[in-house]
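Chains as they are written, first to last, in UniProt numbering: chain A, 1 to 648; chain B, 1 to 437. The beta carbon of each residue, even a glycine, is placed where N, CA and C say it ideally should be. Note that this is a predicted model, so its numbers are computed, not measured. Taking it in order: structure first as structure tokens, then the write-up.
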Ligand SMILES: Cc1ncc(C[n+]2csc(CCOP(=O)(O)OP(=O)(O)O)c2C)c(N)n1
Ligand SMILES: [Mg+2]
């Protein structure tokens with residue numbers, strides 16, 4: 001057995017013992033059935049936590065992963081909150097909602113999605129940089145996470161944008177059950193070097209060296225305001241989680257013998273036992289106390305709210321400006337006036353100003369707040385999430401709606417969940433904008449309407465702009481939101497003027513909701529069919545109303561929601577009950593679509609029969625060739641024909 | 001500000017549950033004087049004028065050419081112009097809802113042009129409707145056109161614009177205003193059509209005629225008749241009622257998938273003397289004596305003329321007799337009323353031939369020709385049995401056309417001579433006048 005350094009501070013040794021004891025306690029509690037779910041212990045890796053998390057300043061921040069207890073304890077010292085969290089108590093750091101992998105306290109955040117926290121951490125760090133303070137951040141990843149793309153998108157960006165974030169890669173040679181030789185190609189450190197990121201290396205078997213090196217890396221990031229990458233070689237002595245360990249006994253044993261605390265416990269048994277005793281007492285007392293506590297009442301976590309739409313309708317006026325001009329005008333005002341505003345997206349810098357020119361000249365007005373990103377939708381969204389967590393109002397632009405799939409993890413597993421999984425301690429008021437829709441001949445991967453995949457994300461609002469009123473009304477509301485909003489813009493609507501084709505036979509109105517519902521109805525007659533359409537499809541319908549009347553013999557009322565993740569069911573139901581006919585038209589394909597959601601919700605409410613129909617795009621990729629694109633998307637002839645067939 | 005007078009649809013005749021407004025004399029909001037005729041209703045065959053009882057401003061809740069339920073408020077007179085709502089409301093509807101709609105539509109009063117659906121245009125063209133009928137509307141669908149024309153009887157939630165002409169239900173015949181002059185059907189006529197359509201419209205009816213020898217028929221009959229001397233109606237009703245018990249198929253109706261037989265015989269008779277065509281009921285006719293029946297005919301006719309008929313005088317009629325004998329017709333084809341399977345028509349007695357035609361129209365779905373022929377033959381036989389056979393004339397009734405002496409008063413034993421009077425008529429002359437004293 002080798003001997004360990006005698007110069008290392010006992011405070012640090014005590015901290016490492018404490019981390020180990022807490023985690024061992026978790027395993028005990030788990031075996032005795034007092035702990036729900038799962039734990040990933042860092043037994044054997046504690047000095048990594050102590051070296052990095054332990055040496056940060058209070059104003060700094062940490063994003064960690066599933067193996068986060070050590071990082072948490074080292075950074076916050078809050079053993080009680082951690083114990084209570086894993087015991088599922090209301091006093092837990094995340095109210096028992098998050099448990100082991102979802103901790104949030106004093107600038108500490110962890111999430112169980114591998115790689116996803118890296119761009120979030122980068123966004124958070126970018127926020128600090130924009131604010132001009134010298135706080136930095138650390139994000140912990142495991143060696144297995146070197147397989148995640150989001151990591152590399154982010155490494156590229158933090159290097160390019162000089163974001164003060166230290167990536168600490170804890171290389172324990174395994175990803176869950178998989179040894180590194182199976183899943184890792186090439187070299188780890190040179191990955192970072194390739195991005196031009198300063199790299200550092202150390203191991204947990206020489207804590208003193210690691211701690212010094214870590215301090216050096218932290219100082220480097222703080223002073224240079226540039227990112228760093230630190231490879232910590234280490235080994236976990238316990239199973240990946242609880243009992244899942246297929247590693248060779250001898251291999252594990254060899255690392256056990258090499259472990260600093262194990263050696264210390266033998267070489268300095270007096271000290272070790274004394275420390276151990278005190279720590280055990282502390283932990284046991286806390287556990288006894290916490291076990292008596294109560295869990296979070298459900299109503300504190302969730303309460304159902306009925307949708308009640310505003311019922312004050314005011315007339316809509318035409319505006320002789322293109323939608324894109326109005327958007328650009330609004331953003332120009334905001335970027336100057338609202339200090340929280342940050343724009344991120346591909347090709348959004350002027351003179352280009354974005355693929356659809358929405359962000360034109362914003363980078364001239366406030367260059368430091370407009371970030372033209374690499375082609376990195378995951379990172380754009382993740383960085384936006386991090387900025388939002390850090391108090392900014394980021395507007396991430398995804399160049400084409402089809403690319404939302406690449407941002408999906410950041411929306412569903414991060415933006416959507418942060419607020420709740422951290423027991424409402426934080427908000428993530430991120431905004432992701434994207435143009436959906438076809439009719440421009442862009443073909444299968446640049447024309448689809450993916451809205452139906454976006455409207456079912458809990459705690460995320462999905463708003464669709466339309467050409468019925470100034471989009472600034474919607475964006476003004478979005479700027480007041482405390483939670484994530486996805487904005488569906490529309491490629492063809494950008495160039496259209498607001499309500500340019502008003503027909504004298506119809507009344508054009510909107511209500512006073514934050515995300516107004518627009519409606520168009522016969523000037524005098526009672527309508528005999530309710531048509532719901534939103535976004536780009538609504539504008540299509542607008543120009544079709546007269547023809548629909550002429551050809552189908554039905555007097556249409558068009559209802560245009562803008563908050564499509566929470567449809568104005570009350571308004572729609574009332575109208576449908578009066579007309580007896582309800583048609584919903586969407587530009588996405590129909591199966592499990594927004595129309596399905598709408599009709600189901602209406603059906604749950606109505607009394608008496610209402611004839612209902614969905615019209616949607618056919619379930620095939622949108623062809624580029626005009627005639628076929630036209631045929632796939634809902635178009636006038638088909639709409640009229642289907643109305644006649646169903647409602648005639 | 002006050003509502004001074006409210007004009008409701010009056011109950012002018014028991015069976016007129018709706019009346020037609022034929023004239024709306026002033027535009028809405030017009031100042032009118034007490035005594036002005038502001039509204040004209042049509043009942044049966046007469047018109048009924050409504051006079052203003054006060055000076056004021058008139059507001060109509062009706063349109064000319066439409067039917068309104070009795071007691072429905074169709075006009076109001078207000079003290080000021082400001083109180084007057086300017087829109088008309090639809091016929092035969094719940095009033096409160098209409099007024100609410102009126103208010104709503106005042107706000108949105110439409111002065112723009114009218115958009116027509118393709119189907120609406122097609123119908124308008126085929127009916128040669130003047131599009132100005134739709135003035136004040138934003139959109140016009142086929143249903144709107146149909147409602148205006150009273151087609152299909154669709155419940156109309158909407159306010160209808162003033163109709164120009166009204167055609168009977170389902171009778172959609174082209175109208176070219178340059179070639180024809182349209183006269184609207186009275187509400188009575190419409191009801192009549194409604195009444196006759198169900199059985200006749202199937203086309204499965206047929207008529208059988210028989211002649212009745214009437215020679216000498218009134219010799220005895222007139223003695224038993226109190227009011228209707230020389231009329232066959234009472235005795236035909238009397239005999240028909242009895243006979244119908246033997247022919248239940250003629251005392252019933254076709255239900256659509258079966259035949260309904262009435263349990264009682266209630267023969268009705270049609271009258272049309274200035275007050276519109278009506279069928280009046282003699283209930284339980286088969287149990288009544290000839291005198292009773294005559295009394296009943298008399299009483300009902302009086303009520304008909306006095307317009308004091310009761311609902312039960314007009315309902316549950318199981319067989320109808322229509323008497324056109326006073327019109328001198330040789331024979332005709334009567335039409336079956338709804339919920340009847342037959343009708344008997346009485347033509348005029350041919351004085352020369354001493355006979356009269358009885359015509360029975362029957363519903364083929366309920367009975368058939370052979371049976372009806374037997375029924376008619378039997379009826380004719382029964383009637384002919386009333387004839388004074390062997391010319392036994394009632395001596396009291398045979399009067400000398402010269403001296404007015406009756407045969408009964410004749411003291412001689414020769415009797416009177418049948419002769420031709422100087423006017424060319426048949427008559428009698430006594431021996432004294434013929435030969436001299
Ligand atoms: C995106 C994602 N994929 C898979 C998992 C399941 N998972 C949890 S931990 C883990 C292994 C992670 O290995 P590594 O990054 O080396 O961290 P270590 O567990 O070794 O600390 C896996 C695959 C996950 N949590 N997130
Ligand atoms: Mg690992």
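**Request:** Please check if any C-beta of chain B sits within less than 9 Å of the C-beta of residue 399/A.
**Result:** no
**Prompt:** Taking all protein chains shown into account, do 16 or more other C-beta atoms lie within 10 angstroms of the C-beta of residue 369/A, making it buried, or fewer, making it exposed?
**Reply:** buried
**Asked** Which stretch, first to last residue, makes up the beta strand (DSSP E) that contains residue 363/B?
**Response** 355-363
**Prompt:** Under three-state DSSP, which class holds residue 94/B?
**Reply:** Bear in mind that the predicted position of residue 94/B carries a pLDDT of just 39, short of 50, making it too unreliable to give a figure here.
**Request:** Report the partner residues of residue 730/A according to the DSSP bridge assignment.
**Result:** There is no way to answer for residue 730/A, as the model of chain A reaches only from 1 to 648.
**Request:** Identify the contact partners of residue 550/A in chain B, using a Cβ-Cβ distance below 8 Å as the criterion.
**Result:** 115, 116, 117 and 118
**Prompt:** Hey, is residue 515/A close to ligand 1, as in C-beta under 8 Å from one of its heavy atoms?
**Reply:** no
**Item:** Where the alpha helix (DSSP H) through residue 180/A begins and ends
**Value:** 180-183
**Request:** Provide the residue(s) that pair with residue 400/B in DSSP beta bridges, ordered along the chain.
**Result:** 428/B
**Message:** I need the boundaries of the beta strand (DSSP E) containing residue 237/A, first residue and last residue.
**Reply:** No beta strand (DSSP E) contains residue 237/A, which DSSP labels as neither H nor E.
**Straight-line gap, residue 15/A to residue 117/A (C-alpha atoms, nearest Å)** = 26 Å
**Backbone CA spacing between residue 355/A and residue 434/A [nearest angstrom]** = 11 Å
**Prompt:** In this structure, does DSSP put residue 101/B in helix, strand or coil?
**Reply:** Caution is warranted here: a pLDDT of 45 is assigned to residue 101/B, below 50, making its placement in the model unreliable, and the coordinate value is therefore given only provisionally. It is helical.
**Asked** Could you give the distance in angstroms between the alpha-carbon of residue 140/A and the alpha-carbon of residue 593/A?
**Response** 39 Å
**Asked** Less than 9 Å separating the beta-carbons of residue 634/A and residue 591/A?
**Response** no
**CA-to-CA distance, residue 252/B to residue 342/B, given in whole angstroms** = 8 Å
**Request:** Compare the Cα-Cα distances from residue 6/B to each of 79/B, 42/B and 47/B and report the closest residue.
**Result:** 79/B
**Asked** At what residues does the alpha helix (DSSP H) containing residue 386/A begin and finish?
**Response** 377-389
**Asked** Quick one, what's near ligand 2 if you take every residue whose CB is closer than 6 Å to any heavy atom, in chain order?
**Response** 142/A, 143/A, 144/A, 172/A, 174/A and 175/A
**Item:** Backbone secondary structure at residue 294/B - three-state DSSP
**Value:** helix
**Message:** Would residue 431/A and residue 396/A qualify as a contact pair, given that the criterion is a beta-carbon distance under 9 Å?
**Reply:** yes
**Message:** Quick check: is any heavy atom of ligand 1 less than 8 Å from the C-beta of residue 67/A?
**Reply:** yes
**Request:** Would you check if there are 3 or more beta carbon pairs closer than 8 Å linking the region 343-358 of chain A to the region 394-412 of chain A?
**Result:** yes
**Request:** Mind checking the region 310-322 of chain A against chain B and listing, in chain order, the residues whose C-beta falls within less than 9 Å of any C-beta there?
**Result:** none
**Asked** Roughly how many whole angstroms lie between the Cα atoms of residue 169/A and residue 159/A?
**Response** 16 Å
**Message:** Only counting the same chain, and skipping five residues up and downstream in sequence, which positions put a Cβ closer than 6 Å to that of residue 144/A?
**Reply:** 175
**Asked** Distance, Cα to Cα, residue 263/A vs residue 60/A?
**Response** 33 Å
**Three or more C-beta pairs below 8 Å linking the region 145-165 of chain A and the region 82-91 of chain A** = no
**Request:** Taking the CB atoms as reference points, tell me whether residue 400/A and residue 445/A lie closer together than 9 Å.
**Result:** yes
**Request:** On the DSSP bridge assignment, give the partners of residue 436/A in chain order.
**Result:** 490/A
**Message:** Going by DSSP, what residue range makes up the beta strand (DSSP E) through residue 599/A?
**Reply:** That residue, residue 599/A, is in no beta strand (DSSP E); its alpha helix (DSSP H) goes 594-605.
**Prompt:** the region 136-147 of chain B: which residues have C-beta closer than 9 Å to a C-beta of chain A, in chain order?
**Reply:** 136, 137, 138, 139, 140, 141, 142, 143 and 144
**Prompt:** Looking only at DSSP bridge pairs, what is residue 288/B linked to?
**Reply:** None; residue 288/B has no bridge partner.
**Request:** Quick one: which residues of the region 552-581 of chain A get their C-beta closer than 9 Å to a C-beta of chain B? List them in chain order.
**Result:** 552, 553, 554 and 555
**Prompt:** First and last residue of the beta strand (DSSP E) that includes residue 57/A?
**Reply:** Run containing residue 57/A: none; DSSP gives neither H nor E here.
**Request:** List the whole-angstrom C-beta distance separating residue 415/A from residue 484/A, where the pair is believed to meet the contact cut-off of C-beta under 8 Å.
**Result:** 4 Å
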